[in-house]
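Notes follow once the structure below has been shown.
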Amino acid sequence: VPAAVNTRAAPRAAAPHAAPVRGASLIADILALQPAAAAADGGAVIAPTYPSVPTMSSCVVGFSLDRARRFGFSTPRAAMGGPLGGRAPRIVAHLEDGRVGAAATEGAATCAADSAWARANVTVTDLARPFSPLVHDAMRRMRKAVRRPPPSLDWTLSASESVFGCDFKRNVRQPSTVAACELACADSRKCRAFTFIAGEQICVLKNCARLSPAKGHDTYIRGPKIPGPRRYARLPGVAVGGCDFERSELRDATLDVCQRACTLERRCRAFSHLRDLNICYLKSCASTPTTHPAFDTYVKPDTCVAAPPPQPLAAPKKVAVVITVHDAAEWVERTLTSLWAHADSPAGRALPDAGDAIFLVNDASGAETLRRLREVAEARGRARRLAVRLVNWDGGHRLDGYTRAANLGIRAALREAPYAAFCLLNSDVEVVDPRWLETLKRHAFSDPTIGVVGPLSNAASYQSVPALRVQTGKESEDWSKNELPPGPADDPWTPRGVAAAVARGSRRRLVDVPVLNGFCLFVKAEVVEAVGLMDEVAFPHGFGEENDFALRALAAGYSLKVADDVYVWHHKSKSYGDATRQALSAGSAEAMRERWGSMLRHAVKLLETNQELAEARRRVGASLTGSACGPGRLRVLFVLNPQKEHREHEFQMHGGWISIVNEALGLRDRGACAQVAMSSWLVPYFDRAFPQPAGAPPLVLAYGDAVLRPEQLADALYERAAAFDVVVATLFTTVEPVNLVAACHPNLLPAYFIQDYEVKFARMTPNQRRRARESYTLYPRMLSFAKTEWLRRRIRKAHGTRVAAVRGTIALERFHAARAQAPRPDADAVVVFVAMVRPSTPRRNAGGTMRVLEGLRRRLPGAVATFTFGCVPSEFDALLASDALRELRLDAGATEAHRRHHLGTLDQDQIAALFARAHVFLDMSHWQAFGRAGLEAMASGCVAVVPADSGSEDYAVDGVNARLVSTKDEAGAVAVLAELARDAALRARLRARALETVEGYALRAASATTLRVLCDALDDHADRAFSVHVPCRDNPFLDFSA
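For the sequence shown, full-length UniProt numbering gives the first residue as 1, with consecutive numbering after it.
Right, dumping it as structure tokens:
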């Protein structure tokens, strides 16, 4: 079977099987492998005889010949190169009845394809075991007869994998063949799951749900033999958990619940849904390949799993920070200054004071260095945090070597007090966050098996981010120092800015490693007690002592971890210099090889192939380069719903989009860096509508036109989101993708800019309506905010969700300029009325709008002129001919007049010009969550008539600056319009007050509320997450002024 198209991750080589096909003797008549015949025949096609089973050293791969055209081959022999990844098969077989091809290699330890196949003839029975989840009718009857809470399921799978299957003759799919597939799985000791491919009548038996089923196929997990609560112990390898849903009318409803359950379960990597039984299975099989979003089995990429924040310690842990000094006083002083600056900061003082101290150890330094550093230590004093203890300052110990000096510092700390841990810190580092030491403490003491923890850095060999090595073209590349990247002149990159980028990209994971770089080692005291100090005999000058110590700790049963949420800047080689460092390293390397041999080589191989460290480097790289914003700016990303491409003449800039862009522009004016993510084809339209000044970061971030589904949107944003502090959903369909992304980025704040009460939208499927309803309540971590009190009150009453208040924004300059270009006399003989009609949006009440306009024309013939806009002419013609206007009995002249005065779809400048020339704007929507068009009309000097009991009431006061009408009372609306047509003084009075009102909705003025709401939530979120990056607090770029 061809491997499924992987749309969720970058292309990668097919995963090898952990074991060849074996243990399959319980499946009758399996394809025989005949290595001798195959070798003699040179791999020719052999007859399908089945006397034996595959041998222990064989792998079998297969494919469906009916789908061979996808891979561009037509014969069985030509096909073999594809599934085997280019290896020449030793045996080729063609099963004519099932149109299945198979190939095998004798002596192969692994296979390079995703599926191994064997043919079997299985007895087909009508029913399997009575409580099997595959017996559809029996399960349905049982559910009807007994109403009980759904059981909790927890299935255990083997960590090793092999996949084999049986081929049924082609026939119409029946439950009996599925039951037979289950029986085959039940009779196999190794089988834990199977997929039945209906179109091919093929059953695939699986240890682990690894294969990607094609569209329309179901992945079934074998159930136990007895009903009721079902729990099996989890193993370290692969586990499958499940939840059972009651039957529902919509199949995709439970699919969505299943996906959310998988999202909320931190261990879950994938899920399958049994369509007929409404059973959802959550899977934590990390090796399951990602699948096409249309398939029935969904898989979350590994990037989606983030750990919870490190928990506070039950009791403070006292740590001794040991720094050895070999001259380079300037760099030592910089290290101390960075430590103290963060310890004395408000965030540092908020942390518990455990009595941590710095032990500064003299390692053969000159007199001037000792004098200078003594003055620095005495100025600090011993009463403040991180006070300094001077060790060997009198030169009593002639050390001349890092390892001896580090050991002397540890001994001095042990004599002074019972320290719980030691942090060995190089003298040329720069601490960039107040929480660095507390975070290392929490990580180290979160598990008794953890012995040593290290941070990420710019220059720390395998702990370096974002680059590991400098690409010089040589066979042996140099370690990268990851110098500061270029940045804007007003906001250059600093080590603290890089630390913020690391925090944005962190998953808060502790990565298992065999050794750690010695520039910053957090070592528990119990490890020192267990394995002793560092070996100062074999490694007197360092450069290898940390690896020896790490391997001894591993041998004693302790684990070593890299914390991907802690970052320490390393200037590197300031005490010894590069040449001296390389010479000392060469001498230590020989000692390491003699002592550890193959274990050291294995450790290096593990570090070279460590995927979690590679992922950390990728994520930090994405965080550094994923946005054109400066490193110190608050970064906000608004996410538009994916859109199918329209023909250009059908494109219309929606008011909701304008609101989103205005929020982004207002935040930019306040010092933040905000962008809007959208489908690629929309970018030219937005660039024309919202031009940005030269040198400004791009306003638009394109995520590709192939993105059409929520799962695809989440996939498109995973890496890019690492560059932002807040990602904002803007429609109910984007809420789930934003939260999927936030699950991957624990320091990212997910938010929802609620622009309307979407539950009441027309033309929604039941599933869409349910998703809209759940978007307000499903993700408690999400910050929700809205522009009007009407919308906030409605959501709070219907769903119990508290929604923060922000103010709506409009680009006043655009409308003021249009008004200045077209002065409007109040005493015109003909009063101009304009209205927006959009038949495609029922809540906009296009029919009611036209009935009111026609009623006004008939009441005041010749005294008024009516114009409409908002839809293409063909939609407007259909509206005129619709049942909604039939009662008006429009004659040919009236119909032609309405057509002639319909202006089609207008851009923002055209709307501003229209409002500037009109006297009255009519909005007859059933409701408006905000009513942007009414506010824009007011900004243009056009009197607004807007619906009562809606969001328009936030800015419109009846009889003061606008008129409010009940859209259910069309006669009353006609009367209000007629009054405005007759009374020029009333229009002038309303217009004057309206122009005063709109000043409070200017981009800069209104965006202050959005900035405060986001920053208050971000600060709280950063504290809860114990993040090293707090983007708003003390940010010099942000302007919170009124």
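Each residue gets a CB set at the ideal place from its N, CA and C atoms; glycine is no exception.
As a quick exercise: from the options, pick the residue whose alpha carbon is nearest that of residue i.
i	options	result
His-570	Leu-922, Ala-835, Arg-843, Thr-335	Thr-335
Arg-932	Ala-1017, Ala-320, Gly-656	Gly-656
Gln-908	Leu-713, Ala-962, Ala-811, Arg-838	Ala-811
Val-452	Glu-375, Ala-530, Pro-495	Ala-530
Ala-622	Ala-467, Ala-555, Ala-978	Ala-467
Gly-704	Met-592, Leu-682, Pro-693, Val-620	Leu-682
Ala-343	Asp-433, Glu-375, Phe-549	Asp-433
His-902	Ala-817, Leu-860, Met-850	Met-850
residue 1045	Ser-365, Arg-384, Ser-925, Ala-412	Residue 1045 lies beyond the residue range present for the chain, which begins at 1 and ends at 1042; the question has no answer from this structure.
Alpha carbon to alpha carbon, what distance is there between residue j and residue i?
i	j	result
Ser-966	Arg-843	14 Å
Arg-781	Asp-428	40 Å
Asn-482	Arg-469	9 Å
Ser-775	Glu-789	19 Å
Ala-846	His-654	16 Å
Val-416	Val-527	Correcting the residue type first, residue 416 is Glu in the shown sequence and not Val. Spanning the two alpha carbons is a distance of roughly 18 Å.
Leu-551	Leu-778	46 Å
Leu-964	Phe-869	21 Å
His-898	Ala-912	21 Å
Phe-445	His-1029	22 Å
Arg-773	Tyr-558	49 Å
Leu-856	Met-764	34 Å
Ala-9	Leu-708	Because the pLDDT at Ala-9 is just 29, under 50, the model does not fix this residue reliably, and the point stays unresolved.
Asp-394	Ala-405	14 Å
Pro-737	Arg-982	52 Å
Ala-876	Arg-807	Checking the displayed sequence, the identity of residue 876 turns out to be Phe instead of Ala. Approximately 33 Å between the Cα atoms of the pair.
Val-728	Leu-914	33 Å
Asp-564	Ile-658	38 Å
Phe-921	Glu-979	14 Å
Tell me which residue opens and which closes the beta strand (DSSP E) that residue i is part of.
i	result
Trp-569	559 to 570
Asn-362	357 to 362
Glu-758	It is not in any beta strand (DSSP E) - Glu-758 carries neither H nor E in the DSSP assignment.
Leu-390	387 to 391
Leu-456	450 to 457
Can you tell me which residues form a DSSP beta bridge with residue i?
i	result
residue 1063	The structure shown does not extend to residue 1063, since the chain is modelled only from 1 to 1042, so the question has no answer here.
Trp-479	Arg-469
Gln-675	Leu-637
Asp-1039	Looking at the DSSP assignment, Asp-1039 forms no beta bridge with any residue, so it has no partner.
Ala-944	Phe-921
Asn-430	The question names Asn, but residue 430 in the sequence shown is Glu. Answer by DSSP bridge pairing, in chain order: Trp-569.
Ser-680	Answer is none; Ser-680 lacks a bridge partner.
Here's a check: name, in chain order, each residue in its chain whose Cβ is nearer than 6 Å to the Cβ of residue i, leaving out the five neighbours to either side.
i	result
Trp-493	Leu-484, Pro-485, Gly-487, Pro-631
Met-938	Ala-944, Ala-994, Val-998
Ala-674	Val-636, Ala-664, Leu-667, Arg-668
Leu-701	Gln-675, Ala-677
Leu-607	Tyr-462
Taking 7 Å as the cut-off, is the beta-carbon of residue i closer than that to any non-hydrogen atom of the ligand HEM?
i	result
Val-864	The ligand HEM is not among the ligands present in this structure, which contains no ligands whatsoever.
If you drop the 5 nearest sequence neighbours on each side, which residues of the same chain put their C-beta closer than 7 Å to that of residue i?
i	result
Leu-408	Val-361, Val-391, Asn-392, His-397, Leu-399
Arg-989	none
Arg-380	Trp-340, Ala-387, Val-388
Ala-628	Pro-697, Pro-698
Ala-716	Tyr-703, Gly-704, Val-707
Ile-410	Val-322, Phe-422, Val-528, Leu-533
Glu-612	Arg-509, Val-511
Arg-374	Leu-390, Trp-393
Does residue i come within less than 8 Å of chain C when only Cβ atoms are used?
i	result
Thr-765	Absent from the structure is chain C; it holds one protein chain and no more.
Between which two residues does the alpha helix (DSSP H) containing residue i stretch?
i	result
Asp-1016	1003 to 1025
Val-830	Val-830 -> no alpha helix (DSSP H), and no H or E assigned at all.
Leu-600	598 to 608
Ala-786	Where Ala-786 is concerned, there is no enclosing alpha helix (DSSP H), although the beta strand (DSSP E) it sits in stretches over 783 to 786.
Phe-867	Not the alpha helix (DSSP H): Phe-867 falls in the beta strand (DSSP E), residues 864 to 869.
Pro-346	346 to 349
Asp-751	According to the sequence provided, residue 751 is Ala. The question's Asp does not apply to it. First-last for Ala-751: 749 to 754, but that is the beta strand (DSSP E), not the alpha helix (DSSP H).
Leu-812	812 to 821
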